[in-house]
Every structure is written in structure tokens, then in C-alpha cells.
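Visitor: Numbering (the working numbering), first residue to last: 2 to 143.
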């Protein structure tokens, strides 16, 4: 097995170590291996391929110390073909929440979420993906 060096904030490392202890992992390497497998497998769901999908993506960031808001605006325009709606809200004293509603293919949504994940200084990123062809009276006819 290869050894990999990863840089991360001390606070995150402490959380990983605590998580490992609390959940019976043998150490941080096991936690990171499982997290990596889960992350890489998120968009490999064969049931979602070749279907019309919708996704809700929520991003939280500190607006006082970052340029995340500007990056979100650029992503929204870069992917205007799949961004059906976008909502911005202030949360707490110095945080913002950006919410995107997407409509597109698995590949398009995966690319969009990947670009948000690659954006430095985001605090949290959450999303869900649903097939839109499962809704309505015609869904039961298949």
C-alpha cells in the first residue's frame, strides 16, 4: 500500500482522529480510505445514468474572509444550461448560504458539484440528486 502525505488544518485532523476513536476505526488512514471510496463512488450510481435529474446543492461560506461568493457567481454563469434556480442568503453573523437547483444529466451535475468542492474556503457543501422521471402519474406506467 502506498503512503500519501496530505496537508490539512489541525482542527480537521483532530476531528478525524476523534471520529476514528468514536467509531472504532483503527486510525485516521482507515477513515480517510473509507471517505475517499465514498466520495469517488457518489456519482457512480448506474440507476441514475441516462436519466433526467434534478439536484439541490447547498454551499455555506464565510463572506468576510473569502471570495467564494464571486466564485459561485462565475460557476452559476458557466453552467447556466443546468442552473434552474439560485438563491443567496445571509446566515448568522458573517456566513452566507448559496443554494442551487440544477436540472441535467449525471455527468453535468457531477461536474458542477466537483467544481464547488474544488472551491477554496467553502465551509460546507451538501447536495441531493433525484431522477425527475420518477414524479407524476406517468411514472407508474413504466
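Cβ atoms here follow ideal geometry from the backbone N, Cα and C, with glycine treated the same way.
With respect to the alpha helix (DSSP H) encompassing residue 117, which residues constitute its N-terminal and C-terminal limits?
Guide: It spans 107-118 - the alpha helix (DSSP H) in which residue 117 sits, taken as one unbroken run.
Visitor: Looking only at its own chain, which residues have a Cβ that is under 8 Å from the Cβ of residue 70, when we skip the five neighbours before and after it?
Guide: Around residue 70: 62, 64, 89, 97, 99.
Visitor: Over what stretch of residues does the beta strand (DSSP E) that includes residue 124 continue unbroken?
Guide: First-last of the beta strand (DSSP E) with residue 124: 123-132.
Visitor: Determine the extent of the beta strand (DSSP E) in which residue 55 is found, giving its start and end residues.
Guide: It spans 54-63 - the beta strand (DSSP E) in which residue 55 sits, taken as one unbroken run.
Visitor: How would you call residue 113, buried or exposed, if buried means at least 16 neighbouring beta carbons within 10 angstroms?
Guide: So residue 113 ends up on the buried side.
Visitor: According to the Cβ coordinates, are residue 74 and residue 60 closer than 8 Å?
Guide: No, the Cβ-Cβ distance between residue 74 and residue 60 is not below 8 Å.
Visitor: Express the C-alpha separation of residue 25 and residue 95 in angstroms, rounding to a whole number.
Guide: Looking at the two C-alpha atoms, the distance is approximately 36 Å.
Visitor: Who are the near neighbours of residue 53 in its chain, counting only those whose CB is closer than 6 Å to its CB and skipping five residues on each side?
Guide: Correct list, in chain order: 133, 134.
Visitor: In or out: residue 14 buried (at least 16 other Cβ within 10 Å) or exposed?
Guide: When all chains shown are included, residue 14 counts as exposed.
Visitor: Starting from the C-beta of residue 16, find all residues in its chain whose C-beta is less than 7 Å away, skip the five residues before and the five after it, and write them out in chain order.
Guide: Same-chain partners within the cutoff: there are none.
Visitor: Using DSSP's beta-bridge definition, name the partner residues of residue 98.
Guide: Looking at the DSSP assignment, residue 98 forms a beta bridge with 61, 90.
Visitor: To the nearest angstrom, how far is it from the Cα of residue 123 to the Cα of residue 87?
Guide: One C-alpha to the other measures close to 17 Å.
Visitor: Alpha carbon to alpha carbon, how far is residue 116 from residue 109?
Guide: Answer to the nearest angstrom: the Cα atoms are 11 Å apart.
Visitor: Measuring straight from C-alpha to C-alpha, what distance separates residue 120 and residue 27?
Guide: Roughly 31 Å between the two C-alpha positions.
Visitor: Would you mind giving the Cβ-Cβ distance between residue 131 and residue 55, rounded to the nearest angstrom? I have them listed as a contact below 8 Å.
Guide: Yes, they are in contact, since the Cβ atoms of residue 131 and residue 55 sit about 6 Å apart, within 8 Å.
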